[in-house]
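FYI, full-length UniProt numbering numbers position 144 of the sequence shown as 144, with every residue one higher than the one before it. Just so it is clear, CB atoms sit at the ideal spot from N, CA and C, and this is done for glycine as well. Written out below as structure tokens is the structure these notes cover.
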Amino acid sequence: MTMLVTGATGTVGRHVVEELLEAGRQVRALTRNPAKATLPEGVEVVALAVKAGVRRATVLGGREDGALEQALAASDLEWTLLHPVEFMSNTLQWWAHSIRTEGVIKEPFGDRLSALVHERDIAAVAAKVLVEGGHGGKAYTLTGPEAITLKEKVAILGSAIGKDVAFVELTVDEARAKWAADGMGEQTIEFLIGALGNTPEVGYTVVPTVREVTGQEARGFAQWASENADAFRA
Numbered sequence: 001m002t003m004l005v006t007g008a009t010g011t012v013g014r015h016v017v018e019e020l021l022e023a024g025r026q027v028r029a030l031t032r033n034p035a036k037a038t039l040p041e042g043v044e045v046v047a048l049a050v051k052a053g054v055r056r057a058t059v060l061g062g063r064e065d066g067a068l069e070q071a072l073a074a075s076d077l078e079w080t081l082l083h084p085v086e087f088m089s090n091t092l093q094w095w096a097h098s099i100r101t102e103g104v105i106k107e108p109f110g111d112r113l114s115a116l117v118h119e120r121d122i123a124a125v126a127a128k129v130l131v132e133g134g135h136g137g138k139a140y141t142l143t144g145p146e147a148i149t150l151k152e153k154v155a156i157l158g159s160a161i162g163k164d165v166a167f168v169e170l171t172v173d174e175a176r177a178k179w180a181a182d183g184m185g186e187q188t189i190e191f192l193i194g195a196l197g198n199t200p201e202v203g204y205t206v207v208p209t210v211r212e213v214t215g216q217e218a219r220g221f222a223q224w225a226s227e228n229a230d231a232f233r234a
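Right, here's the structure in full:
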């Protein structure tokens, strides 16, 4: 059976390709090219997939009431939805530059908990679901092995890179001003204030899905920090 991986060079997709190759599967990788024609809408993609003989589909993220997800539910495909909580890899985008240049993180909600998940664990679950089957019609929440605060994340990163990283807790108004100065749009800022200030329970509740599906324990943030330490060093 040949596996098609879309977004194959992305944060998770590249690891899915690696996992499938290690499992001895034939893999076709699809990457986005803005110069080419756009893909059909989600519902049409599902119809075309069924017509082409696709039997199994795994979707990362999305909403169970979304158009794509509803089309999958109405199809004959063996579909599985994966709902990871906060990606550990987001730390690169949000914090790497500040730690390299200033040695400090300035954010609100320092005690906010998150059950961060390693991108390789997301990929491992996706590959396992595709390879072995038996997961049809299920939606899996994916988390890491622990819930940690922003302050704890900063301390773990500091330990990994071998230097003290300061944490300055901003008020909500200070965060708004900082993010606006960084070029962030008002809607994005308000979304972040709402999401970070009122993290839903699912975002910090640890679940054993990674171990149950893959047979391996989920990777912790300390491991991720060690693997990516060079990106945070000046």
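So residue i is in the alpha helix (DSSP H); what residue range does that whole segment cover?
{"i": "L21", "result": "13-22"}
{"i": "E146", "result": "No alpha helix (DSSP H) contains E146, which DSSP labels as neither H nor E."}
{"i": "T80", "result": "Here T80 belongs to no alpha helix (DSSP H); instead the beta strand (DSSP E) covers 78-84."}
Please tell me whether residue i and residue j are closer than 8 Å, where the distance is taken between their beta carbons.
{"i": "V172", "j": "P108", "result": "yes"}
{"i": "A115", "j": "G203", "result": "yes"}
{"i": "F232", "j": "L157", "result": "yes"}
{"i": "R101", "j": "H135", "result": "Looking at the sequence itself, residue 101 is Thr, so the reference to Arg does not match. For T101 and H135, no; Cβs fall outside 8 Å."}
{"i": "T206", "j": "L142", "result": "Checking the displayed sequence, the identity of residue 206 turns out to be Val instead of Thr. Cβ atoms of V206 and L142: not closer than 8 Å."}
{"i": "A234", "j": "A160", "result": "no"}
{"i": "G220", "j": "G144", "result": "yes"}
{"i": "R25", "j": "V131", "result": "yes"}
{"i": "G103", "j": "E169", "result": "no"}
{"i": "I105", "j": "V12", "result": "no"}
{"i": "V78", "j": "R55", "result": "According to the sequence shown, residue 78 is Glu rather than Val. Yes, they are a contact pair."}
{"i": "I148", "j": "A175", "result": "no"}
{"i": "T199", "j": "L113", "result": "yes"}
{"i": "A126", "j": "V17", "result": "no"}
Terminal residues of the continuous beta strand (DSSP E) containing residue i?
{"i": "A71", "result": "Per DSSP, A71 belongs to no beta strand (DSSP E); it is in the alpha helix (DSSP H), 67-73."}
{"i": "R56", "result": "56-60"}
{"i": "A166", "result": "166-169"}
Given that a residue counts as buried once 16 or more other Cβ atoms are within 10 Å of its Cβ, and exposed if not, what is residue i?
{"i": "E190", "result": "exposed"}
{"i": "K153", "result": "buried"}
{"i": "K128", "result": "buried"}
{"i": "H118", "result": "buried"}
{"i": "T188", "result": "exposed"}
{"i": "A74", "result": "exposed"}
{"i": "A71", "result": "buried"}
{"i": "H97", "result": "exposed"}
{"i": "L82", "result": "buried"}
{"i": "A218", "result": "buried"}
{"i": "T38", "result": "For T38, the predicted structure reports a pLDDT of 44, less than 50, and the residue's modelled location is therefore unreliable. A value from the coordinates is still provided. With fewer than 16 Cβ atoms within 10 Å of its Cβ, T38 is classed as exposed."}
{"i": "W95", "result": "buried"}
{"i": "A57", "result": "buried"}
{"i": "A67", "result": "exposed"}
Count the C-beta pairs between the stretch 116-128 and the stretch 165-185 that are closer than 8 Å, then say yes if the count reaches three, no if not. no
Length at least 4, wholly inside the stretch 173-229: the alpha helix (DSSP H) runs in chain order: Assignment of alpha helix (DSSP H) within the stretch 173-229, counting only whole runs of 4 or more residues, yields 186-197, 209-214, 221-227 in chain order.
Entirely within the stretch 90-127 and at least 3 residues each: give me those beta strand (DSSP E) ranges in chain order. 104-107
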